[in-house]
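Going by the working numbering, the residue at position 89 of the sequence shown is 194; the numbering climbs one at a time, nothing skipped.
Single-structure report; data block below.
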Amino acid sequence: MFKFGFSGSSPLLSAGHTRHPLLLTLLGASMIAAFATALAVAPANDNIPHQTVIESLPSPIPDLLDNTAHTFFAETVIQRGDTLQRMLSRLNIDDSQAVDFLRNAPEAAPIRQEFIAGRRVSASASGDGSLIQLHFPLNSRDSALTIKRLGDHLEATLVADRPEIHLTTKSAQIEYSLFGATDAAGIPDAIAIQLAEIFSSEIDFHTDLRKGDRFSVTYETRHQEGQPTRSGRIIAAEFINAGQVYRALWHDHGDDRGSYLTPDGKPLQKAFLRSPLEFSRISSGFSRRFHPILQTWRAHQGVDYAAPTGTPIRATANATVDFVGKQNGYGNVIILKHDDKHTTLYAHLSRFGSGIRKGQRVGQGQTIGYVGQTGWATGPHLHYEFRINNKPVNPLSAKIPVLAPSLSAAELSAFRTASQPHLALLERMHHSEIVYME
């Protein structure tokens, strides 16, 4: 049994999770399970085995206020209308020299020329916000520009983008939110989103998370010249939600295809996602409620997801569009027909997805519309209904059928052999004990 003790404060992290390196250090001391798995480096080849060496944090924990020697890795995606300074801020960098270098240095011209929305950028920074290294992939798939700090100056180098693959395993505990826990543990946002997607058929991350829930995750990190450049795929994960244990293991089917399975080889992907939005909060559950416009108590036959206008809405399962248009209090509404007995309804949309029309086939996870406030709505939100034989049922508790078939006997044997080391590590993490000290 492993036991770890931490001290420090635990301020609330917002859903926007804007971070500062010092804040992350303090939060990490009070919120994360102190597991970091350092693994042997191998070339970027998924078929090469990785040797695992488990390391725990030193005891006692070093002085957290003297964090200038700590290194923080972050990654972000350039957004529409972004500036260099805003991008660096999201990377936890507060460095006027780095801003000036990126804006004016001739060697940094490729970054200014290819500063395009959607480009993924990563950086390492010291505890005081000084840039250590920035990794900027260029249009050529085989090259990237790195900006490194060498003493008191910065240097730009064009490098071949041939990453090494490291595996990292971390464990954390939910105090306020999923993003709050992953931020404190130093787990990239891309991994947090993958984690929610992997378990999205089992857990509604809008409604089901509880303080004290725990998770462990093993994921790929790509490194260039010894520095992390971006996160990759989750290889194994465990989520303990309200005492229920869920585990997922990546199974490679070949030809760069794969899926997540339970330890006994059953597919995790279900016919329906639990939620039509990636992240938001529940404003009104499946129950009777006092209608804010009609001023009467009446049955509420769906779930309301409060979210900003324009938030993408995804189809929760493969379907055919049965209705698209306006419908009384629903405002702009889409009804999807999934089979002979299952339909879903999405209401109050601001607009419909591109090309969405009656009779069109849509896939699970496809964007079909955007959150709005049309019809009888007092604020922007999505009203979602899940119907069986045209009767609304609670989508948060309905039994969801499995989408994919289980493995054959030969495939199951190969899967168990390949996943055994990752499953063993999850088991060790599961039996660790986290002790919090005020």
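Idealized CB from N, CA, C, for every residue including glycine.
Just so it is clear, the structure is predicted and the values come from calculations on it, not from any experiment.
In this model, Gly407 and Ile440 are separated by some 13 Å (Cα to Cα). Here Ile461 has Val426, Val429, Ile439, Val467, Ile473 and Gly474 as same chain residues with Cβ atoms under 8 Å from its own Cβ, once five neighbours each way along the sequence are excluded. Close CB contacts of Thr414 within its chain, under the 7 Å cut and outside five residues either way in sequence, are with Ser455, Val476, Gly477, Gln478 and Pro485 (chain order). Ser248 and Arg208 have their C-alpha atoms roughly 21 Å apart. For Asp288, the secondary structure class from DSSP, reduced to helix, strand or coil, is helix. Within the segment 262-324, the runs of beta strand (DSSP E) at least 3 residues long that lie entirely inside it are, in chain order, 269-278. Collapsing the DSSP output to three states places Asp205 in a helix.
Around the CB of Asp288, 16 or more other CB atoms lie within 10 Å, so the residue is classed as buried. The DSSP-derived three-state label of Phe178 is strand. Within 10 angstroms of the beta-carbon of Lys375 lie 16 or more other beta-carbons, which makes it buried. Below 8 Å, too few C-beta pairs join the segment 230-237 and the segment 338-357 to call them touching: fewer than three. Around the beta-carbon of Ile308, 16 or more other beta-carbon atoms lie within 10 Å, marking it buried. With respect to Leu450, Ile418 sits apart: the two C-beta atoms are not nearer than 8 Å. When secondary structure is reduced to three states using DSSP, Asn433 falls in the helix class. Comparing alpha-carbon positions, the option among Ala297, Ile221, Ser201 and His453 lying closest to Val182 turns out to be Ile221.
A check of alpha carbon separations from Gln238 across Ser518, Asp369 and Phe206 identifies Phe206 as the nearest. Around the C-beta of Asn495, fewer than 16 other C-beta atoms lie within 10 Å, and the residue is accordingly described as exposed.
For Lys275, the closest C-alpha among the options Gly464, Thr416 and Ser321 is that of Ser321. If the five residues before and after Thr326 are omitted, its C-beta is found closer than 6 Å to the C-beta atoms of His271, Thr273, Pro333 and Ser336, all from its own chain and listed in chain order.
Per DSSP, reduced to three states, the secondary structure at Phe520 is helical. If only uninterrupted alpha helix (DSSP H) runs of at least 4 residues are considered, none is enclosed by the segment 412-491. Here DSSP, grouped into helix, strand and coil, assigns Glu532 to helix.
DSSP links Pro526 through a beta bridge to no other residue. Annotated three-state conformation of Ser248 is strand, per DSSP. With the rule of 3 Cβ pairs closer than 8 Å, the segment 249-263 does not count as touching the segment 285-304.
In this structure, DSSP gives Pro497 an extended state, which the three-state scheme calls strand. Of the other Cβ atoms in all chains shown, 16 or more fall within 10 Å of the Cβ of Asp266; this residue is therefore buried. By the beta-carbon neighbour count (other beta carbons within 10 angstroms, threshold 16), Asn499 is exposed. Setting aside the 5 residues that flank it on each side, Pro526 has no residue in the same chain whose C-beta is closer than 6 Å to its C-beta.
Leu314 has its alpha-carbon roughly 29 Å from the corresponding atom of Ser194. Shown here for Ile296: same chain residues with a beta carbon closer than 8 Å to its own, the five before and five after excluded, namely Thr287, Val322, Tyr324, Ser336 and Ile339 in chain order. Assignment of Ser537 by DSSP, reduced to helix, strand and coil, places it in the coil class.
In the DSSP assignment, Gln184 falls outside any alpha helix (DSSP H), carrying neither H nor E. With respect to the C-alpha of Ser518, the residue from Pro215, Leu373 and Pro368 having the closest C-alpha is Pro368. Comparing alpha carbon positions, the residue from Glu280, Glu269, Gln299 and Asn244 closest to Leu263 is Asn244.
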